[in-house]
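S.K.: What follows is a single structure, and I will ask about it in a moment.
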Amino acid sequence: MKKLKVGLVGVGGLARGTGYGNVFNNHPRTQVAGICDLDRQALEKARKEFDLKKSQAFENYDDFVKADLDIVFLGTPIPVHADQAVKALENGKHVLSEVTAANTVKDCERLVKTVKKTGMKYMMAENYYYYHYMQEWQKMIRQGKLGRLFYAEAEYVHEIRRLLRDPETGKLQWRANRPPIHYCSHCLGPLLMLFDDRIIKATGSGKEATMMSGVGVGAIDMQIGLFETAKGATIKMLRSQVAPREPPIVYYSIYGTKGCVENGRTAHPYGHDVTRGIIFIEGEDKVAREVDWPISDPGAPEEARKGGHGTSEYYLVRDFISSIENDTEPPINAVRAADITLPGLIAHDAAMKGNTWLDVPHFE
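Once you know that position 1 of the sequence shown is 0 in numbering that gives the first Met the number 0, the rest is easy, because the numbers rise by one and skip nothing.
Structure below.
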C-alpha cells in the first residue's frame with residue numbers, strides 16, 4: 000500500500016518538525032517527503048537527517064504547499080499557524096498543527112470554515128491529552144467512577160524568559176507578544192477532552208509584568224483564567240512563562256460527584272516518566288490513595304518512543320493517520336481545536352478589561 004507523504008514545516012532550532020518527523024517516519028503508513036524552513040542551515044541539516052533530495056527542501060512556504068505531499072505538519076510559531084493551515088488545506092493537504100490553533104478569534108473561525116469547505120482533515124497536536132495517565136483517567140470517567148464532573152484545575156508554569164528576550168542579543172522573540180494564558184491548550188485541552196465539553200464564558204486576571212521590563216504581554220507575571228462550560232462545570236487555570244519554578248509544573252485536578260483525581264505537583268514530563276498523584280473514589284477508598292501515574296504507555300511498542308513527550312506523540316499521530324485512512328473526524332479536529340484555543344484568547348481580553356466575564360464563541 001502506498002505511503003502517505005508528509006511535509007514538515009519548521010525544522011530548525013526549537014521548531015517541532017523534526018521530532019514529529021521521526022514519528023511519521025516510524026509509522027508504517029507515512030514517510031517524510033518534504034521539509035520547509037526559513038533557516039538554510041537548519042533546512043540542510045534536516046534534509047540530510049531525513050535523507051531527502053534538495054528538491055524536497057523548501058524555503059518558500061507557498062512553493063512547499065504545492066509540492067507532492069498528502070500531509071503538512073506545522074511546527075512553526077503560533078502567529079502563522081492559521082495562515083499556513085488554511086493554505087495547506089486549500090492546496091489539498093491534510094494538516095496536523097502544533098498548538099495552539101491560532102492567535103485571534105477571527106483566525107479560529109477562518110480555520111473551521113476552511114476545513115468544512117475543503118473536506119480535508121485537520122488535527123491540533125495537543126500531546127498532553129495523550130499522556131498515558133490521561134487515557135487512564137478517560138477510561139475511569141467513561142466508566143462513571145468519578146460520577147458527574149463539575150470542577151477542574153490546571154496549572155502550567157514554565158519559565159522561558161530566554162525565549163521571550165534573547166539573553167545575548169536582547170532581541171525580543173515572537174513569544175514576547177504571546178500572553179501566558181493564550182498558551183492554554185496544555186491546560187484546557189486535556190480537561191475539555193475528558194469532560195467532553197466546551198467553554199462558554201471566561202474571565203481572567205493578571206496584567207502586571209514586574210520580573211521582565213520592556214518585553215510586553217508575554218512577560219506578564221502570572222495569569223489566571225476562570226471558565227464556565229456548556230455542561231455547567233467550572234475550570235480554573237494558572238499560566239506563567241516567567242515565574243521562577245524548577246522543575247516546571249503541569250498539574251491537573253478533577254472533581255466529580257463520586258471522587259477526585261490529581262497528578263503530581265513535583266514532576267514535569269521533561270526528564271520524568273511518572274507523576275505521583277492521588278485518586279479517591281467514594282465507596283472504594285477511605286482516604287485518597289497515592290498513585291504513580293505513567294506519562295508513557297508501558298505497553299507501547301519501541302517505535303512509540305521515537306517522538307517526544309513520552310509515547311504521546313506516537314498515539315496522537317496514529318489517531319490522525321487513522322482519521323485519514325478511515326475518513327473519520329480526528330479526535331481534536333478544527334472545531335475542538337478552536338474550542339480549546341478560544342478561551343485563552345477571551346480570558347486575556349477579560350483580564351485587560353478589568354476582570355470582566357466575556358462570552359466565548361463557538362464555531363462549527
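The C-beta atom is built at its ideal place from N, Cα and C for all residues, glycine as well.
Determine the DSSP secondary structure at S252, reduced to helix, strand or coil.
M.R.: DSSP places S252 in strand when its eight states are reduced to three.
S.K.: So is R147 buried or exposed if we call it buried at 16+ other beta carbons inside 10 Å?
M.R.: By the neighbour-count rule (16 or more Cβ atoms within 10 Å), R147 is not buried but exposed.
S.K.: Which residue's Cα is closest to the Cα of R264: K305, R161 and T274?
M.R.: That would be T274, whose Cα lies nearest to the Cα of R264.
S.K.: Thinking C-alpha only, which one of L51, D106 and R15 is nearest P76?
M.R.: With distances taken between Cα atoms, P76 lies closest to R15.
S.K.: So, for F57: in the same chain, excluding its five sequence neighbours on each side, which residues have a beta-carbon less than 6 Å away from its beta-carbon?
M.R.: Hits under 6 Å: C35 and F63.
S.K.: Per the DSSP calculation, Y121 is bridged to which residue(s)?
M.R.: Note: Y121 sits in a beta bridge opposite V94.
S.K.: Among E363, S252, I323 and T310, which has the Cα closest to the Cα of M236?
M.R.: Ranking the options by Cα distance to M236, first place goes to S252.
S.K.: Mark R197 as exposed unless 16 or more other C-beta atoms lie within 10 angstroms of its C-beta, in which case mark it buried.
M.R.: Its Cβ being crowded by 16 or more others within 10 Å, R197 is buried.
S.K.: Measure the beta-carbon distance from H181 to G343 and round it to whole angstroms, keeping in mind my assumption that it falls under 8 Å.
M.R.: Contact holds; Cβ gap of about 5 Å.
S.K.: Could you give the distance in angstroms between the alpha-carbon of V79 and the alpha-carbon of V98?
M.R.: Computed Cα separation, rounded: 11 Å.
S.K.: Quick one: any contact between the segment 222 to 237 and the segment 148 to 167, if contact means 3 or more CB pairs under 8 Å?
M.R.: At 8 Å Cβ cutoff, the stretches touch.
S.K.: Could you work out which residue in N59, F72 and T103 is closest to I320 when comparing CA atoms only?
M.R.: Measuring from the Cα of I320, the nearest candidate turns out to be F72.
S.K.: Can you tell me which residues form a DSSP beta bridge with P293?
M.R.: Its beta-bridge partners are V273.
S.K.: Considering just the uninterrupted stretch of the beta strand (DSSP E) at T233, what are its terminal residues?
M.R.: First-last of the beta strand (DSSP E) with T233: T233 to S239.
S.K.: Would you please state the rounded distance, in angstroms, between the beta carbons of A349 and A201? I believe it to be under 8 Å.
M.R.: 6 Å between Cβ atoms; contact.
S.K.: Would you mind stating whether V31 and F23 have Cβ atoms separated by less than 8 Å?
M.R.: In this structure, F23 lies closer than 8 Å to V31 by Cβ.
S.K.: Cα separation between T228 and K116?
M.R.: The straight-line gap from Cα to Cα measures roughly 28 Å.
S.K.: Should P247 and E312 be called a contact, given that it needs their Cβ atoms to be closer than 8 Å?
M.R.: Contact flag unset, no.
S.K.: Buried or exposed: which applies to T103, given that a residue is buried once 16 or more other Cβ atoms fall within 10 Å of its Cβ?
M.R.: When all chains shown are included, T103 counts as exposed.
S.K.: By alpha-carbon positions, which one of L357, A299 and K44 ends up nearest to K203?
M.R.: Note that residue 203 is Gly in the sequence shown, not Lys. The shortest Cα separation from G203 among L357, A299 and K44 belongs to L357.
S.K.: Over the uninterrupted beta strand (DSSP E) stretch that includes A337, give me the two end residues.
M.R.: Premise fails: A337 lies in the alpha helix (DSSP H), A333 to M351, not in any beta strand (DSSP E).
S.K.: Put F319 into one of helix, strand or coil per three-state DSSP.
M.R.: In the structure shown, F319 sits in a helix (DSSP, three-state: H, G or I).
S.K.: In the DSSP assignment, what are the bridge partners of G6?
M.R.: Answer is G33 and V71, bridged to G6.
S.K.: With distance defined between alpha-carbon atoms, name the residue in E283, V249 and K257 nearest to G276.
M.R.: Per the Cα distances, V249.
S.K.: Between I345, E283, D69 and M192, which has its C-alpha nearest P179's C-alpha?
M.R.: Among I345, E283, D69 and M192, the Cα nearest to that of P179 belongs to I345.
S.K.: If we require 3 or more residues per run, which beta strand (DSSP E) segments fall completely within the segment 139 to 224?
M.R.: Listed in chain order, they are 148 to 156 and 198 to 204.
S.K.: Of the residues P243, K52, Y19 and L145, which one's Cα is nearest the Cα of G282?
M.R.: Among P243, K52, Y19 and L145, the Cα nearest to that of G282 is on L145.
S.K.: Leaving out five residues on either side along the sequence, give the residues of the same chain with a beta carbon under 6 Å from the beta carbon of G215.
M.R.: Result list for G215: A175 and N176, in chain order.
S.K.: Go ahead and pull the three-state DSSP assignment for R109.
M.R.: Looking at R109 - three-state DSSP - the assignment turns out to be helix.
S.K.: State yes or no: is the C-beta of S295 within less than 8 Å of the C-beta of G309?
M.R.: Cβ distance < 8 Å, so S295 and G309 count as in contact.
S.K.: Considering only the beta carbon of each residue, do Q160 and V241 sit closer than 8 Å?
M.R.: Checking the sequence shown, residue 160 turns out to be Arg, not Gln. Cβ distance < 8 Å, so R160 and V241 count as in contact.
S.K.: In the structure shown, what three-state DSSP assignment does F226 receive?
M.R.: Here F226 sits in strand by DSSP.
S.K.: How long is the line joining the alpha carbons of D50 and N90, rounded to whole angstroms?
M.R.: Straight-line Cα distance between these residues: approximately 25 Å.
S.K.: Are the CB atoms of L95 and A124 nearer to each other than 8 Å?
M.R.: Contact flag set, yes.
S.K.: Let's see if you can read the secondary structure: which residues bound the beta strand (DSSP E) around A260?
M.R.: This sequence places Val at residue 260; Ala is not what is there. Here the beta strand (DSSP E) through V260 covers G258 to E261.
S.K.: Give me the DSSP bridge partner(s) of R288.
M.R.: Bridge partners of R288: I278.
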